[in-house]
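Novice:
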Amino acid sequence: MPESDYLAVNLPLWDERVAIHVASDFYDVAGFKAGASSLREFELVEVGAVTGRRLVHLQCHFGLDTLSWARRGADVTGLDFSPKAIEAARTVADDVGLFARFVVADVYDAATVLGETYDIVYTGLGALCWLPDVDRWAKVIADLLEPGGFLYLAEFHPFADTLDETEGRTVTFDYFAEGPQVWDEPDAGSYADPQARVRHTRSIEYAHGLGEVVTALAAAGLRIDFLHEHDYTLWPRFAVLERDGIAYRLPAERPRVPLMYSIRATKPR
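20 is the number of the first residue of the sequence shown in our numbering; add one for each residue after it.
(1) Taking the beta carbon of P151 as the centre, do at least 16 other beta carbons fall within 10 Å, making it buried, or is it exposed?
(2) Our contact map puts D203 next to R221 with C-beta atoms below 8 Å; I'd like the distance itself, whole angstroms only.
(3) Thinking C-alpha only, which one of T234, R242 and W254 is nearest D212?
(4) Does the Cβ of Y137 have 16 or more other Cβ atoms within 10 Å, making it buried, or fewer, making it exposed?
(5) Which residues in the same chain have their Cβ closer than 7 Å to the Cβ of R216, if we skip the five residues on either side of it in sequence?
(6) Got a sec? Which residues, its chain only, sit under 8 Å from V153 by beta carbon, not counting five neighbours each side?
(7) Here's the rule I'm using: 16 or more other beta-carbon atoms within 10 Å means buried, otherwise exposed. How should Q214 be labelled?
(8) Under 8 Å from any heavy atom of the ligand NAD, does the C-beta of G71 make it?
(9) If you measure between the beta carbons of P139 and R72, is that distance less than 9 Å?
(10) Would you tell me roughly how many angstroms separate the C-alpha atoms of L30 and L246, rounded to the nearest one?
(11) How close, in whole Å, do the beta carbons of A119 and L86 come, if the pair is a contact with beta carbons under 8 Å?
(12) Taking the beta strand (DSSP E) that G167 falls in, what are its first and last residues?
(13) Does the beta-carbon distance from R268 to Y280 come in below 9 Å?
(14) Along the beta strand (DSSP E) that carries T136, what are the first and last residues, could you check?
(15) My assumption, with CB atoms under 8 Å, is that A239 sits in contact with I160. Please give the rounded CB distance.
(16) Of the residues V64, Y127, E135 and S101, which one's Cα is nearest the Cα of V95?
(17) Would you call D114 buried or exposed, if buried means 16 or more other Cβ atoms sit within 10 Å of its Cβ?
(18) What do you reckon, are the CB atoms on F121 and W33 nearer than 9 Å?
(19) Just confirm the distance between the C-beta atoms of E248 and P277, as a whole number of angstroms; I'd bet it's less than 8 Å.
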């Protein structure tokens, strides 16, 4: 599928969802403006101190995570392909008085468009499924990093994508699926507001196994510092999941499976 096809389908979908997400309880923009952080505790621990460090957030949507890193002292840049998302990110930044650079661009063009290198590249949580080529993505990461800098990626685990969507018990979908996956869900709304009425319901996504991601980063010259798998997720993707604070877990009597993962990979000096 030509690159322009998946971008032409996915961009209107994401542009439309910006206003829905800004208004949603899921993102809680009011809470963020009051001082809350959108970052997860495990991310803070695994990334570490960011004060004075230059951080770029790829596929930043409307920037809450980006601005949360700014609140922790990072010099931040956010990049997203959606003009509506970047417009909203700039508005939130202005409303809370945080300085951030926000840029509209496709992630594959990030190194060229930004024209800078960074101490930290941060990305994840539903980002990779929108990209057809993780080898090309990993090379962009390497180009964006200063020697000694690192990528931090937190993502939903691809094994969880194979399980049935109700009980999360039966392997239903192909882990090694290749090529684009075309979805049309007219009644699904948005993950942030399933009841929202939307016009753009078709999306094109891509499956990327854990081995594919790790190998792409290694082939781009990055050293894998750690790969952590997590037995919880951040939204009720299966009806059987039980809420535990901000996390959603399988019932205690069920065998645990990986629902998220995180990777830190460093560019050698």
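We treat Cβ as the ideally placed atom computed from N, Cα and C, and that holds for glycine. Note that this is a predicted model, so its numbers are computed, not measured.
Specialist: Per the coordinate set shown:
(1) Position 132 of the sequence shown, counting from 1, holds the residue named residue 151. Buried is the call here.
(2) Taking the first residue of the sequence shown as 1, we reach residue 203 at position 184. Taking the first residue of the sequence shown as 1, we reach residue 221 at position 202. Confirmed, Cβ separation roughly 5 Å.
(3) If you number the sequence shown from 1, residue 212 lands on position 193. The candidate whose alpha carbon is nearest that of D212 is W254.
(4) The residue you call residue 137 lines up with position 118 of the sequence shown. When all chains shown are included, Y137 counts as buried.
(5) What you label residue 216 is simply residue 197 of the sequence shown in a count that begins at 1. Cβ neighbours of R216 beyond the five flanking positions: none.
(6) Stepping through the sequence shown from its first residue, residue 153 is reached at position 134. Cβ within range, chain order: L147, H227, E231, V232 and A235.
(7) Here residue 214 refers to the residue found at position 195 when the sequence shown is read from its first residue. Looking at its Cβ environment, which holds fewer than 16 other Cβ atoms inside 10 Å, Q214 is exposed.
(8) As presented, the structure is devoid of all ligands, the ligand NAD included, so that no description of it is given.
(9) Here residue 139 refers to the residue found at position 120 when the sequence shown is read from its first residue. Here residue 72 refers to the residue found at position 53 when the sequence shown is read from its first residue. Contrary to the premise, residue 139 reads as Ile rather than Pro in this sequence. Going by C-beta atoms, I139 is nearer than 9 Å to R72.
(10) Taking the sequence shown and counting its residues from 1, the one referred to as residue 30 is at position 11. Taking the sequence shown and counting its residues from 1, the one referred to as residue 246 is at position 227. Those two C-alpha atoms are separated by around 31 Å.
(11) For the purposes of this step, residue 119 is identified with residue 100 of the sequence shown, where counting begins at 1. For the purposes of this step, residue 86 is identified with residue 67 of the sequence shown, where counting begins at 1. Correct: roughly 6 Å between the Cβ atoms.
(12) Position 148 of the sequence shown, counted from the start, is the residue given in the question as residue 167. L164 to F175 is the span of the beta strand (DSSP E), which, as asked, contains G167.
(13) Counting from one through the sequence shown, the residue named residue 268 turns up at place 249. Counting from one through the sequence shown, the residue named residue 280 turns up at place 261. Going by beta carbons, R268 and Y280 fall outside the 9 Å limit.
(14) For the purposes of this step, residue 136 is taken as residue 117 along the sequence shown, with counting starting at 1. Neither: T136 is in no beta strand (DSSP E) and is coded neither H nor E.
(15) The count along the sequence shown starts at 1 and reaches residue 239 at position 220. The count along the sequence shown starts at 1 and reaches residue 160 at position 141. Their Cβ separation, rounded to whole angstroms, is 7 Å, which keeps A239 and I160 in contact under 8 Å.
(16) The residue given as residue 95 occupies position 76 in the sequence shown. Taking only the C-alpha atoms, the option nearest V95 is E135.
(17) Here residue 114 refers to the residue found at position 95 of the sequence shown. Exposed is the call here.
(18) Within the sequence shown, numbered from 1, the residue matching residue 121 stands at position 102. Within the sequence shown, numbered from 1, the residue matching residue 33 stands at position 14. No; because the gap between Cβ atoms is not below 9 Å, this pair is not in contact.
(19) Position 229 of the sequence shown holds residue 248. Position 258 of the sequence shown holds residue 277. With a Cβ gap of about 4 Å, E248 and P277 count as contacting.
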